[in-house]
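Number of protein chains: 2
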Amino acid sequence: MTTSSVDQQIRSRLGDAGVRYTTGRQRVTSALVASDGPRSAAELQTQLGSAIPLSSLYRSLAVMASAGVLAPHHGSQGVTRYELAEWLSGHHHHLVCIDCGSVDDIELPDALEATLHELVDTVADEGHFVALGHALEVEGRCKACK
Amino acid sequence: MTTSSVDQQIRSRLGDAGVRYTTGRQRVTSALVASDGPRSAAELQTQLGSAIPLSSLYRSLAVMASAGVLAPHHGSQGVTRYELAEWLSGHHHHLVCIDCGSVDDIELPDALEATLHELVDTVADEGHFVALGHALEVEGRCKACK
DNA sequence: CAAGAATCGAGAACGATTCTCATTTTCAAT
DNA sequence: ATTGAAAATGAGAATCGTTCTCGATTCTTG
Ligand SMILES: [Mn+2]
Ligand SMILES: [Mn+2]
Ligand SMILES: [Zn+2]
Ligand SMILES: [Zn+2]
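Top to bottom, those sequences are chains A and B. Each residue of the first sequence is one higher than the last, beginning at 1 in the numbering used here. Each residue of the second sequence is one higher than the last, beginning at 1001 in the numbering used here.
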């Protein structure tokens, strides 16, 4: 996934939302495109070399999330990590480290994803609600904690 | 699931951990047994009629979680909700309301759960890690928000 | 070049959670 | 039953991720 194609889609979506795609927000995008999992404000600040003040970073993340460009992931210690929304990154799931809380993306083979989709729909039908999405978290240990 | 049988198992497990099963902790247990999803410290305090100070409640939750009796669930707004560990409550999954963040337990029919297990094991094998657990969150709207 | 809108940045404020420490309760040994 | 050690309690302070405030700055558009 190249930064530039994602950039175009984000620029367009933010434009529709009446929100500017400033250089700070573009930096957030490229940091997230380069990541293999969701990132917190603090992690992004490190990754970006302190180029953006925390208060601005938090605001950009909030703005981009409410425009549907980023998706939040709530982890341990009250830390929220953001990633590109699935319409930008593609649908995928997460491997969460039970020791340090880090999160890595995992993509299911198409056959398995299809199975999972059916499964979720069946569960929703039986529970008389509409499944608007699903998230499978596989719990294990990351390389650093193994 | 009766409170008393769970109580016995918890008493035993806490005993092994060298931790006392005080009346405050027993109240936490009965509140969680009566719940249909994970509960935060604040929610438990309300549910328990302010019978336990928040600082004690937080400590009991932490102690019981690190003894493996409770499991934390990290939700929006930095709120952590706890539920009985799966060896006490049985393995199950969650329906998370995308509007208010409330969480309800859902149990998969055995056939679906078996399918999901296989699926997770396959993914883990392919990613060269060990799946120690899994959590499926189905996203939808709760009755209150529908 | 304005003027208005949106954004920025520094610091204050907030809120969930954790920590501190003096007091109280529990448990085991006598 | 008494006692001393260990564990738990409770009130309040402290912490830390996050959000808010507001004056300064940057965009956009005519
Ligand atoms: Mn992801
Ligand atoms: Mn549950
Ligand atoms: Zn780890
Ligand atoms: Zn709801």
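Just so it is clear, CB atoms sit at the ideal spot from N, CA and C, and this is done for glycine as well.
Practice task
From the DSSP output, read off the bridge partner residues of ARG81(A).
Solution key: The count along the first sequence starts at 1 and reaches residue 81(A) at position 81. According to DSSP, ARG81(A) shares a beta bridge with SER40(A), HIS73(A).
Exercise for the section: Tell me whether the beta-carbon of ALA1085(B) lies closer than 8 Å to the beta-carbon of VAL1096(B). Expected result: Within the second sequence, the letter at position 85 stands for residue 1085(B). Within the second sequence, the letter at position 96 stands for residue 1096(B). No; because the gap between Cβ atoms is not below 8 Å, this pair is not in contact.
Problem - ASP105(A), enclosing beta strand (DSSP E) - first and last residue - result: Position 105 of the first sequence holds residue 105(A). Boundaries of the beta strand (DSSP E) around ASP105(A): 103-106.
Practice task
Flag GLU1118(B) as yes when its Cβ comes closer than 7 Å to any non-hydrogen atom of ligand 1, and as no otherwise.
Solution key: Residue 1118(B) sits at position 118 when you count from the first residue of the second sequence. For GLU1118(B), the CB stays at least 7 Å from every heavy atom of ligand 1.
Exercise for the section: Please confirm if the region 1036-1043 of chain B is in contact with the region 1073-1089 of chain B, defined as three or more CB-CB distances below 8 Å between the two stretches. Expected result: In short, these stretches touch, since the Cβ pair count reaches three.
Exercise for the section: Measure the C-alpha to C-alpha separation of SER976(B) and VAL33(A) and round it to an integer number of angstroms. Expected result: In this structure chain B extends from 1001 to 1146, so residue 976(B) is not present and cannot be described.
Problem - Extent of the continuous alpha helix (DSSP H) to which ALA124(A) belongs - result: Numbered from 1 along the first sequence, position 124 holds the residue referred to as residue 124(A). Per DSSP, the unbroken alpha helix (DSSP H) holding ALA124(A) starts and ends at 110-127.
Problem - Own chain residues within Cβ distance below 8 Å of ARG150(A), not counting five before or after - result: Nothing in the structure corresponds to residue 150(A), since chain A is present only between 1 and 146.
Exercise for the section: Check the Cβ of SER76(A) against every Cβ in chain B and list those closer than 9 Å, keeping chain order. Expected result: As a first step, residue 76(A) must be located in the first sequence, where it is residue number 76. Proximity of chain B to SER76(A) at the Cβ level (cut-off 9 Å) is accounted for by PRO1072, HIS1074, THR1080, in chain order.
Practice task
Have a look at the DSSP bridge pairing and note the partners of LEU1136(B).
Solution key: For the purposes of this step, residue 1136(B) is identified with residue 136 of the second sequence, where counting begins at 1. Beta-bridge analysis with DSSP links LEU1136(B) to LEU136(A).
Practice task
Taking only heavy atoms of ligand 2 into account, decide whether any of them is closer than 7 Å to the Cβ of GLU1083(B).
Solution key: The residue labelled residue 1083(B) in the question sits at position 83 within the second sequence. In this structure, GLU1083(B) has its CB closer than 7 Å to one or more heavy atoms of ligand 2.
Exercise for the section: Kindly indicate the opening and closing residues of the alpha helix (DSSP H) around LEU1057(B). Expected result: Working through the second sequence from its first residue, we reach residue 1057(B) at position 57. From DSSP, the alpha helix (DSSP H) with LEU1057(B) extends over 1054-1066.
Exercise for the section: Buried or exposed for SER1060(B), please, with buried defined as at least 16 other CB atoms from any protein chain shown within 10 angstroms of its CB. Expected result: Sequence index remark: in the second sequence, residue 1060(B) carries index 60 (1-based). Result: buried.
Handout entry: Where the beta strand (DSSP E) containing LEU95(A) begins and where it ends
Key = Indexing the first sequence from 1 puts residue 95(A) at position 95. Per DSSP, LEU95(A) is one residue of the beta strand (DSSP E) stretching across 93-97.
Exercise for the section: Decide yes or no for the touch test of the region 50-67 of chain A against the region 1095-1110 of chain B: beta carbon pairs closer than 8 Å, at least 3 of them. Expected result: These segments do not touch.
Exercise for the section: Please confirm whether any heavy atom of ligand 2 lies closer than 7 Å to the CB of GLY1068(B). Expected result: Residue mapping note: residue 1068(B) aligns to position 68 of the second sequence, counting from 1. Short note on GLY1068(B): C-beta not closer than 7 Å to any heavy atom of ligand 2.
Practice task
Below 8 Å on the Cβ atoms is my guess for VAL120(A) versus HIS73(A); work out the distance and round it to an integer in Å.
Solution key: By 1-based counting over the first sequence, the position of residue 120(A) is 120. By 1-based counting over the first sequence, the position of residue 73(A) is 73. The beta-carbon separation of VAL120(A) and HIS73(A), rounded to 19 Å, does not stay under the 8 Å limit for a contact.
Problem - Neighbour list for ALA1124(B) in chain A, Cβ cutoff strictly below 8 Å - result: Here residue 1124(B) corresponds to residue number 124 of the second sequence, with the count starting at 1. Within 8 Å Cβ-Cβ: VAL138, GLY140.
Handout entry: Three or more C-beta pairs below 8 Å linking the region 1127-1145 of chain B and the region 131-144 of chain A
Key = Output reads yes: the region 131-144 of chain A touches the region 1127-1145 of chain B.
Exercise for the section: Could you check the C-alpha separation between VAL123(A) and TRP1087(B) for me, to the nearest Å? Expected result: For the purposes of this step, residue 123(A) is taken as residue 123 along the first sequence, with counting starting at 1. For the purposes of this step, residue 1087(B) is taken as residue 87 along the second sequence, with counting starting at 1. The straight-line gap separating the alpha-carbon atoms of VAL123(A) and TRP1087(B) is approximately 22 Å.
Handout entry: Beta-carbon proximity of GLY78(A) to GLY1078(B), cut-off 8 Å
Key = Taking the first residue of the first sequence as position 1, residue 78(A) is located at position 78. Taking the first residue of the second sequence as position 1, residue 1078(B) is located at position 78. Yes; because the gap between Cβ atoms is below 8 Å, this pair is in contact.
Exercise for the section: Consider the Cβ of GLY37(A): report whether some Cβ of chain B lies at a distance smaller than 8 Å. Expected result: By one-based count along the first sequence, residue 37(A) stands at place 37. So no, GLY37(A) is outside the interface.
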